[in-house]
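A.B. asks: I have a structure here, written as structure tokens, and I will follow up with some questions on it.
Protein chains: 2
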Amino acid sequence: MVPHLTTALTGPLLDLERRFLENISAIEQWLRSQWLEHSPPFYSSVDLRNAGFKLAPVDTNLFPGGFNNLNPDLLPLCVQAAMSAVEKLCPEAKSLLLVPENHTRNQFYLTNVARLASILRLTGLNVRIGSLLPEITAPTPVSLPDGQTLLLEPLRRLGPEGRRLGLDDFSPCAILLNNDLSSGVPEILQNVHEQWVIPPLHAGWHMRRKSRHFLAYREVAEDFARHLDIDPWLINPDFGVCGQIDFHARTGEECLAANVDMLLTRIRTKYKEYNIQSRPFVIVKADAGTYGMGIMTVHDASEVKGLNRRQRNKMAVGKEGLQVSEVIIQEGVPTVETVNEGTAEPVVYMIDRYVVGGFYRVNTDRGIDENLNAPGMHFSPLAFETGCSLPDTAQAPDAPPNRFYAYGVVARLALLAASLELERSAPADEA
Amino acid sequence: MVPHLTTALTGPLLDLERRFLENISAIEQWLRSQWLEHSPPFYSSVDLRNAGFKLAPVDTNLFPGGFNNLNPDLLPLCVQAAMSAVEKLCPEAKSLLLVPENHTRNQFYLTNVARLASILRLTGLNVRIGSLLPEITAPTPVSLPDGQTLLLEPLRRLGPEGRRLGLDDFSPCAILLNNDLSSGVPEILQNVHEQWVIPPLHAGWHMRRKSRHFLAYREVAEDFARHLDIDPWLINPDFGVCGQIDFHARTGEECLAANVDMLLTRIRTKYKEYNIQSRPFVIVKADAGTYGMGIMTVHDASEVKGLNRRQRNKMAVGKEGLQVSEVIIQEGVPTVETVNEGTAEPVVYMIDRYVVGGFYRVNTDRGIDENLNAPGMHFSPLAFETGCSLPDTAQAPDAPPNRFYAYGVVARLALLAASLELERSAPADEA
Numbered sequence: 001m002v003p004h005l006t007t008a009l010t011g012p013l014l015d016l017e018r019r020f021l022e023n024i025s026a027i028e029q030w031l032r033s034q035w036l037e038h039s040p041p042f043y044s045s046v047d048l049r050n051a052g053f054k055l056a057p058v059d060t061n062l063f064p065g066g067f068n069n070l071n072p073d074l075l076p077l078c079v080q081a082a083m084s085a086v087e088k089l090c091p092e093a094k095s096l097l098l099v100p101e102n103h104t105r106n107q108f109y110l111t112n113v114a115r116l117a118s119i120l121r122l123t124g125l126n127v128r129i130g131s132l133l134p135e136i137t138a139p140t141p142v143s144l145p146d147g148q149t150l151l152l153e154p155l156r157r158l159g160p161e162g163r164r165l166g167l168d169d170f171s172p173c174a175i176l177l178n179n180d181l182s183s184g185v186p187e188i189l190q191n192v193h194e195q196w197v198i199p200p201l202h203a204g205w206h207m208r209r210k211s212r213h214f215l216a217y218r219e220v221a222e223d224f225a226r227h228l229d230i231d232p233w234l235i236n237p238d239f240g241v242c243g244q245i246d247f248h249a250r251t252g253e254e255c256l257a258a259n260v261d262m263l264l265t266r267i268r269t270k271y272k273e274y275n276i277q278s279r280p281f282v283i284v285k286a287d288a289g290t291y292g293m294g295i296m297t298v299h300d301a302s303e304v305k306g307l308n309r310r311q312r313n314k315m316a317v318g319k320e321g322l323q324v325s326e327v328i329i330q331e332g333v334p335t336v337e338t339v340n341e342g343t344a345e346p347v348v349y350m351i352d353r354y355v356v357g358g359f360y361r362v363n364t365d366r367g368i369d370e371n372l373n374a375p376g377m378h379f380s381p382l383a384f385e386t387g388c389s390l391p392d393t394a395q396a397p398d399a400p401p402n403r404f405y406a407y408g409v410v411a412r413l414a415l416l417a418a419s420l421e422l423e424r425s426a427p428a429d430e431a
Numbered sequence: 001m002v003p004h005l006t007t008a009l010t011g012p013l014l015d016l017e018r019r020f021l022e023n024i025s026a027i028e029q030w031l032r033s034q035w036l037e038h039s040p041p042f043y044s045s046v047d048l049r050n051a052g053f054k055l056a057p058v059d060t061n062l063f064p065g066g067f068n069n070l071n072p073d074l075l076p077l078c079v080q081a082a083m084s085a086v087e088k089l090c091p092e093a094k095s096l097l098l099v100p101e102n103h104t105r106n107q108f109y110l111t112n113v114a115r116l117a118s119i120l121r122l123t124g125l126n127v128r129i130g131s132l133l134p135e136i137t138a139p140t141p142v143s144l145p146d147g148q149t150l151l152l153e154p155l156r157r158l159g160p161e162g163r164r165l166g167l168d169d170f171s172p173c174a175i176l177l178n179n180d181l182s183s184g185v186p187e188i189l190q191n192v193h194e195q196w197v198i199p200p201l202h203a204g205w206h207m208r209r210k211s212r213h214f215l216a217y218r219e220v221a222e223d224f225a226r227h228l229d230i231d232p233w234l235i236n237p238d239f240g241v242c243g244q245i246d247f248h249a250r251t252g253e254e255c256l257a258a259n260v261d262m263l264l265t266r267i268r269t270k271y272k273e274y275n276i277q278s279r280p281f282v283i284v285k286a287d288a289g290t291y292g293m294g295i296m297t298v299h300d301a302s303e304v305k306g307l308n309r310r311q312r313n314k315m316a317v318g319k320e321g322l323q324v325s326e327v328i329i330q331e332g333v334p335t336v337e338t339v340n341e342g343t344a345e346p347v348v349y350m351i352d353r354y355v356v357g358g359f360y361r362v363n364t365d366r367g368i369d370e371n372l373n374a375p376g377m378h379f380s381p382l383a384f385e386t387g388c389s390l391p392d393t394a395q396a397p398d399a400p401p402n403r404f405y406a407y408g409v410v411a412r413l414a415l416l417a418a419s420l421e422l423e424r425s426a427p428a429d430e431a
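Structure representation (structure tokens):
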């Protein structure tokens, strides 16, 4: 099921990885001290890009799918980390309701839901799956490609005044969202105060902004970099924001072009400083939402002026048909990693503060400066062969356990940024 | 390095394993609720015996050696569990002093120390090793069979009035004992109040008694069995104690014979109840201490009366030449497991509340009713192929992941018993 990975590790040796390797104790201590002050989200996945000269997160997902893509050998790590997370968040919980995305026909996604449910069951929770889909009006078994069956059940409000969320005959202690709430919080999920909702509702994309995440990440990266005496740019993707774009009406184009230009100038300066020969580029994408929609690679400000109708349409629409009006302009980090000649980027998975695995997202149809999370295109996950917690100083910095360790470090910095972001965006009554 | 294990799993199908498998949620919930009230020791290993009709712990070690015998694939589990343990016990710790046993020539043991140090280093601690051996007067590198070098350094008292324990230029936050203190607490380890000592000194064999452990275990087993509606005898080894034996002077022989007889009678009743054809036996061993010394298999009370000089000498002397005067008479649990025709018993390792792996202790020269932890004899550890946290209800109860799950459950019951035992034996000023 999971082919072994070797070819992804063909990048130039990263000084950064060596630096991490020499400072394992300092890094782990620093992280531990951070977790004394900040609580990590229940789970997350972080998309990384390794440019050889730079290793940075480009997206942090607080409702991770893809647990089915992790190396099954690392499953005990998931169970152990989930035990620790449950113990901290809701130690008395006996039952948990998992609320997935509304993708009934995406078998890969449903296999992820099944995997997640089985991890949670192994921590001792009774887990059932509550669907937001209007067509699920009774318990509905769905067959999965691996022969398993997933039972989707209709969500119900329960108890006096419908204060609790559950299923028929099931009033759970905790509700785990695997739905990123891109279209807002469905009514049935609102005003749930007697049960644990994990992660909190304000972690949804109706509230989250990538720019707020990367603002928090910049702080984390600068603090960490000071601690390790490295240039924070080596782990931090620079960015700008435009808050009032209307791609259809062509308003905000100037803001976009100005930001693209400013960012490209800053990148060029850094490339000169480090004698990097690559051509600088930026990624323009929706500030809210995910799923690789509405994403553009830009090498020059002129490219965002006078977009044709097709390009504007593509940029204007995010997940579930939502209009995009706020965009983030993010420094493009080329990826040097390839798997079987396909461009590859690592995705690291975490439960609580623990890295539990990861995989390579591989896209043979895309270049090193393009978004690889492209729906409908060929994309093959390739599980990390080993964990991210066993660096081996006796080996070269780019040996798999060491490169994976570096990935795990940067991913945990993004996790810490997400903690700060959620603290700051919490509504007054949840703070 | 670690051969795959299949042949050990030849025992009769255990109803108990099926029962565990059907109650994973209830078991994990029950354990979680217990950990809300009791703190597990930092680490431990539990020797189990699987009789086919009964699965029980026979020894619980709070200073486990043998980490080097675990499947290296499960190392990330050790690191993650150790992170969790460190975070709870001493979150601000940056440096840790590991105090091992005084076995300079036992390369297997020293390889365990090196493995343990490397697990702890990966959690972000600066780890150094402080030796109690008088001949270690300066930092002394010791070469290990795997090519590594272990640096043993002389322990020092530091600071005003020598209140702290450390090494030259090393004043650690925490001290981890991997020395079971069989001969008492060495002076240099006494009165350390400014640093974390893990596990606490009263976990040493100078204070511990197996009988107190198994008394606590009996409570745990009865509570758990009630919860699962099973007969506690299925997981609980019955026992008796004699507190005033002098094997040389032949005093206490009557107490021993009476206890042996009483216990054999109780076992016979149980065997009759379950229609078990095996011949009942008991194990007589020192109530304090470990290392498989001074252990006798007894099938009839007459065997402990009129012991010859050789037998008495053997029983009278424990680890480090200590006199044995208190003995526990424990129900013998035959082992049905074999590996390559050698008699085998599982040993399960835990860090904090997490099962992190295990192995089979295999002794081709010993019978199914004998102690297998016999120094000097052929004994080959065989790592568990998979973890103990991934039971698979789709497979038979005796499939490896399920059998290992059952082992992990019973081992955690012994861990819980150790928590109770340590709570109860804590000196007033530590309680």
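Sequences listed follow chains B and H, in order. Under the UniProt record's numbering, think of the first position of the first sequence as 1, with each following residue one higher. Under the UniProt record's numbering, think of the first position of the second sequence as 1, with each following residue one higher. Just so it is clear, CB atoms sit at the ideal spot from N, CA and C, and this is done for glycine as well.
Would you list, in sequence order, the uninterrupted beta strand (DSSP E) runs of no fewer than 3 residues that lie entirely inside the region 161-221 of chain H?
C.D. replies: 164-166, 174-178 and 196-198
A.B. asks: If contacts are defined as beta-carbon pairs under 8 Å, then N71/H and E337/H qualify, I think. What distance do you get, rounded to the angstrom?
C.D. replies: So it is not a contact: roughly 17 Å between Cβ atoms.
A.B. asks: In terms of alpha-carbon separation, which member of L74/H, D168/H, E17/H and Q34/H lies closest to V356/B?
C.D. replies: L74/H
A.B. asks: Give a yes or no on whether 8 Å exceeds the smallest Cβ distance from R32/H to chain B.
C.D. replies: Answer yes: the Cβ-Cβ gap between R32/H and chain B drops below 8 Å somewhere.
A.B. asks: Taking the runs of the alpha helix (DSSP H) that are 4 residues or longer, which of them lie wholly in the region 311-390 of chain B?
C.D. replies: none
A.B. asks: What separation, rounded to the nearest whole angstrom, lies between the Cα atoms of P401/H and G387/H?
C.D. replies: 7 Å
A.B. asks: Say the cut is 7 Å; is the CB of P72/B nearer than that to a heavy atom of the ligand GTP?
C.D. replies: As presented, the structure is devoid of all ligands, the ligand GTP included, so that no description of it is given.
A.B. asks: Give a yes or no on contact between the region 118-133 of chain B and the region 92-109 of chain B, applying the rule of three or more CB pairs nearer than 8 Å.
C.D. replies: yes
A.B. asks: For the beta strand (DSSP E) containing R49/B, name the first residue and the last one.
C.D. replies: Y43 to N50
A.B. asks: Mind the definition here: the region 56-72 of chain H touches the region 407-415 of chain H only if three or more C-beta pairs lie below 8 Å; say whether that holds.
C.D. replies: Yes, since at least three Cβ pairs between the region 56-72 of chain H and the region 407-415 of chain H fall closer than 8 Å, the two stretches touch.
A.B. asks: Cα-Cα, which of R268/B, P232/B and L176/B is closest to D300/B?
C.D. replies: Selected option, being the one with the closest Cα: R268/B.
A.B. asks: Does any residue of chain H bring its CB to less than 8 Å from the CB of T149/B?
C.D. replies: Not one beta carbon of chain H lies nearer than 8 Å to the beta carbon of T149/B.
A.B. asks: Going along chain B in order, which residues have a C-beta closer than 9 Å to the C-beta of V79/H?
C.D. replies: For V79/H, the chain B residues whose C-beta falls within less than 9 Å of its own C-beta are G387, S389 and L390, listed in chain order.
A.B. asks: Are L390/H and P76/B closer than 8 Å when you measure CB to CB?
C.D. replies: yes
A.B. asks: In chain order, what residues of the same chain lie with their CB nearer than 7 Å to the CB of V298/B, ignoring the 5 residues before and after it?
C.D. replies: Excluding positions up to five away in sequence, the list reads V260, F281, V282, V284 and V304.
A.B. asks: Based on the DSSP secondary-structure assignment, which residues constitute the bridge partners of G130/H?
C.D. replies: Note: G130/H sits in a beta bridge opposite E153/H.
A.B. asks: Taking only beta-carbon atoms, is D73/B less than 8 Å away from chain H?
C.D. replies: yes
A.B. asks: Of all Cβ atoms in chain H, is any one closer than 8 Å to the Cβ of S84/B?
C.D. replies: yes
A.B. asks: For S45/H, collect the residues of the same chain with a Cβ closer than 6 Å to its Cβ; drop the 5 residues on either side in sequence, then sort them by chain order.
C.D. replies: N61, P64, V347 and Y349
A.B. asks: Would DSSP call C90/B helix, strand or coil?
C.D. replies: coil
A.B. asks: Counting along the chain, where does the alpha helix (DSSP H) carrying V409/H start and finish?
C.D. replies: Looking at the DSSP string, the run of the alpha helix (DSSP H) that includes V409/H is P400 to S425.
A.B. asks: Please state if the CB of R49/B and the CB of T335/B are separated by a distance shorter than 8 Å.
C.D. replies: yes
A.B. asks: Give a yes or no on contact between the region 176-190 of chain H and the region 89-100 of chain H, applying the rule of three or more CB pairs nearer than 8 Å.
C.D. replies: yes
A.B. asks: Could you compute how far the alpha carbon of G376/H sits from the alpha carbon of R312/H?
C.D. replies: Reliability fails at G376/H, whose pLDDT of 49 lies under 50, so the model's placement of it is uncertain and no value is given.
A.B. asks: Where does S278/B fall in DSSP's three states?
C.D. replies: coil
A.B. asks: Give the straight-line distance between the Cα atoms of M315/H and N126/H, rounded to the nearest whole angstrom.
C.D. replies: 42 Å
A.B. asks: Could you give the residue range of the alpha helix (DSSP H) that holds N259/B?
C.D. replies: E253 to E273
A.B. asks: In whole angstroms, what separates the C-alpha of S95/B from that of L116/B?
C.D. replies: 14 Å
A.B. asks: What is the residue span of the alpha helix (DSSP H) that A396/H lies within?
C.D. replies: That residue, A396/H, is in no alpha helix (DSSP H); it is neither H nor E in DSSP.
A.B. asks: Going along chain B, which residues have a C-beta under 7 Å from T123/H?
C.D. replies: E28
A.B. asks: Buried or exposed, going by whether 16 or more other CB atoms sit within 10 Å of the CB of Y274/B?
C.D. replies: exposed
A.B. asks: Output the residue ranges of the alpha helix (DSSP H) runs that lie fully inside the region 64-127 of chain B and measure 4 residues or longer, sorted by chain position.
C.D. replies: 75-89 and 107-121
A.B. asks: Pull up the distance between the alpha-carbon of V409/B and that of R266/B, whole angstroms please.
C.D. replies: Cα-Cα distance, rounded: 25 Å.
A.B. asks: Pick from P199/B, G52/B and S25/B: whose alpha carbon is nearest that of A344/B?
C.D. replies: G52/B
A.B. asks: Check whether the region 416-425 of chain H touches the region 215-222 of chain H, taking contact to mean three or more Cβ pairs, one atom from each stretch, closer than 8 Å.
C.D. replies: yes
A.B. asks: For the region 94-128 of chain H, which residues have a CB atom closer than 8 Å to at least one CB atom of chain B, in sequence order?
C.D. replies: K94, R121, L122, T123, G124, L125 and N126
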